[in-house]
Each structure stands twice: as structure tokens, then as C-alpha cells.
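Q:
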Amino acid sequence: MDIQLVSALISGLGMGSMYGLMALGFYITYAVSGTVNFAQGSSMMLGAVLCFTFSQTLQWPLVPAVAMALLCCALYGLVVEFLAVRPFTRRGSDAWLMSTVALGIVLDNLVMHTFGREPRSLPSSLAITPLEVAGVNLAVYPLQLIIPVVGLSLALVLHWVARHTRWGTALLATEQNKDAARLMGIPIGRAIAGAFALSTLLAGVAGMLIAPLANVNSDMGTLFGLKAFSVAILGGITSPWGVVMAGLLFGVAESLITVTLGSGYTHIITFALVIVALALRPNGLFGRAAVKKV
């Protein structure tokens with residue numbers, strides 16, 4: 080197999096895992112509350128910027144820096160739910176669609192004025208020397224092999240939590256029937272808030288993993304967020320494994336198009352393929368049509 084093709088496949092799986100993680104965040108909030116955070120890209124950017132700030136600016140050890148960055152991302156998710164979603168869903172309004180976007184824009188600009196406009200590089204020993212096989216440079220960093228493993232492992236952990244913990248059971252019950260879950264004593268408000276916290280935490284993980292391979296700046300999450308939402312719809316936003324698989328497919332397609340046709344065609348063709356796929360499968364590649372009882 081051509082070395083360039085191998086490199087494209089590996090990097091595509093890495094990027095696809097990032098899209099899948101962010102798309103899982105869309106799935107979690109949609110399943111529990113019927114809403115999503117359209118500023119998920121800002122959550123990803125926040126994870127990368129905070130990790131850089133704690134580890135490089137404040138010179139914290141890596142583990143505490145990552146832990147604190149993830150905690151802040153989760154707290155940001157609670158803020159999104161409390162300020163931009165809950166007030167509107169209580170009144171039966173769909174204004175949360177715009178309010179989450181607005182809150183993301185506010186965060187992007189706050190980071191731009193505090194962190195600065197200049198892109199920064201987050202150094203990592205896993206993104207310095209490309210891998211070589213039999214003396215041939217694969218043009219792939221070790222981090223690009225680790226990212227898919229981390230992404231799929233987190234998806235498996237979430238699956239286990241949903242099936243084997245009380246909090247996961249509460250989320251599943253809330254997803255299936257909110258009224259019945261409330262009658263069983265499940266705090267619906269806390270479950271929804273927890274879903275948003277978990278959603279932004281996953282986006283923060285994606286941001287920290289991709290930061291050593293890209294520049295860290297205040298608008299780095301905009302395009303990532305758009306792609307992740309496309310992946311969530313493409314996979315079927317009601318199917319957790321569907322959005323993960325769609326993320327991998329999207330990432331690989333993106334890389335192969337870039338290698339074969341050039342970066343100028345990447346977004347044109349990938350989003351055109353998304354449109355075609357949704358025209359053929361309106362509920363997503365792995366989603367199912369909702370069944371309504373009458």
C-alpha cells in the first residue's frame with residue numbers, strides 16, 4: 080500500500096475520532112433533553128486553551144493541568160445548560176438554538192481578548208518525530224495513532240457507564256420517558272445538567288488531543304464544531320455508536336480527498352457527500368425513524 084495512503088488513513092482516523100467525540104456530546108444532550116449545544120466547537124477550543132494556559136503559561140505538571148482544564152470544561156457545560164438552555168425549554172421555546180450560539184460567540188471573544196489573537200503551539204513529545212517503518216518516513220506522529228484509541232476507549236467507557244452505573248441508568252431512563260423517570264424520583268434537571276457537563280468535557284478532551292497537531296487559538300473550534308454536528312446528523316443523532324462510526328468515516332474521507340485531489344476540494348466534496356447521504360438516509364446512516372404511538 081502506498082505510504083501516502085497509509086498516512087492519510089491514520090490521520091483520517093485520528094481526526095475522525097475527534098469528530099466522533101464531539102458528536103457524542105451532541106448525542107448525549109439531545110437524547111436526554113432534546114436540545115444540543117451549538118457552541119460545542121467553543122467547548123473544544125476552551126479545552127485546548129485551558130490546557131495550554133495551565134501547562135505552559137502557569138507551568139503546571141501535565142496531569143493536574145489536564146484535570147483542571149477538563150473540570151473547567153464540565154463547569155462551562157453547566158453554565159451553558161443553566162443560562163442558554165433551561166430558561167427557554169421551561170417556557171417551551173426553541174430560542175436555545177440561538178442562545179447557545181450566542182454564548183459560544185461570547186466565549187470565543189473573551190478568550191480572544193484574554194488569551195490573545197496569536198496562535199500558540201502546545202508541545203508534545205508524541206508530536207515531534209514522525210514514525211518510520213523500515214527507514215521509510217510515514218509522515219505520521221505517534222499521537223495520531225493514540226487519538227483513535229483514546230476516542231474509542233472513551234466511547235466504550237460511556238457505554239459501560241450508561242449500562243452499569245446509577246447515573247447512567249438515570250440518563251437512560253430520562254431519555255426513554257421523562258415523566259416516568261420523574262415519578263421514579265430521578266432528578267430530571269440534574270440529569271440534563273450532567274449531560275451538558277459531560278458533553279463539553281468530551282469536546283474539551285478532543286481539543287486537548289488535537290492541540291499539539293494544530294495551532295491553539297480562539298477560533299480553532301468553529302469549523303470543528305460544524306463538522307461534528309454534521310457527523311452527529313450523518314450518523315443518526317439518536318445512535319451513539321452511529322455518530323462515532325460516522326466520525327471515523329468523515330475523517331477518513333476528508334483525508335483521502337485531501338491526498339488525492341488537494342485541500343481545495345476537501346470541504347466541497349465531504350459536505351456534498353453528507354448531503355447525498357442524508358438525502359438517501361434522512362435519519363442518518365445508523366439512525367432510526369422515531370415511532371409515534373397514536
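For the sequence shown, our numbering gives the first residue as 80, with consecutive numbering after it. Note that beta-carbon positions come from the ideal geometry of N, C-alpha and C, so glycine has one too.
Which whole-angstrom value describes the C-beta separation of residue 96 and residue 230, a residue pair presumed to lie in contact below a C-beta threshold of 8 Å?
A: The pair is a contact, with the Cβ atoms about 3 Å apart (cut-off 8 Å).
Q: So, do the segment 244-254 and the segment 321-330 have three or more beta carbon pairs nearer to each other than 8 Å?
A: No: the two stretches stay apart, fewer than three of their Cβ pairs being nearer than 8 Å.
Q: Using 8 Å as the threshold, is the C-beta distance between residue 318 and residue 217 below it?
A: For residue 318 and residue 217, no; Cβs fall outside 8 Å.
Q: Taking the straight line between their C-alpha atoms, what separation do you get for residue 391 and residue 256?
A: Because residue 391 is not part of the residues shown, which for the chain are 80 to 373, the question remains open.
Q: When the Cβ atoms of the segment 285-297 are set against those of the segment 188-206, are three or more pairs found closer than 8 Å?
A: Flag = yes, the segment 285-297 and the segment 188-206 touch.
Q: By Cβ distance, which residues of its chain are closer than 6 Å to residue 183, with the 5 residues on each side in sequence left out?
A: Only 118, 121 meet the Cβ criterion.
Q: Does the beta carbon of residue 137 sit closer than 8 Å to a beta carbon anywhere in chain B?
A: Although the question refers to chain B, the structure presented lacks it and comprises just one protein chain.
Q: Is the beta carbon of residue 91 closer than 8 Å to that of residue 334?
A: Yes.
Q: Could you tell me the boundaries of the alpha helix (DSSP H) in which residue 89 lies?
A: Looking at the DSSP string, the run of the alpha helix (DSSP H) that includes residue 89 is 82-112.
Q: List the residues that DSSP assigns as beta-bridge partners of residue 199.
A: 295.
Q: Below 8 Å, how does it come out for the segment 274-293 and the segment 143-162: are there three or more Cβ pairs, yes or no?
A: Touching, per the Cβ criterion.
Q: Tell me residue 212's beta-bridge partners as DSSP assigns them.
A: Paired residues: 215.
Q: When the Cα atoms are used, what is the spatial distance from residue 252 to residue 260?
A: Rounded to the nearest angstrom, the two C-alpha atoms are 6 Å apart.
Q: Taking the alpha carbon of residue 107 as the point to measure from, which residue in 264, 272, 179 has its own alpha carbon closest?
A: Closest by alpha carbon: 272.
Q: Please report the residue range of the alpha helix (DSSP H) in which residue 122 lies.
A: Note, residue 122: alpha helix (DSSP H), 119-131.
Q: Which class does residue 258 belong to by DSSP, given the choice of helix, strand or coil?
A: The answer is helix: DSSP assigns residue 258 an H, G or I state.
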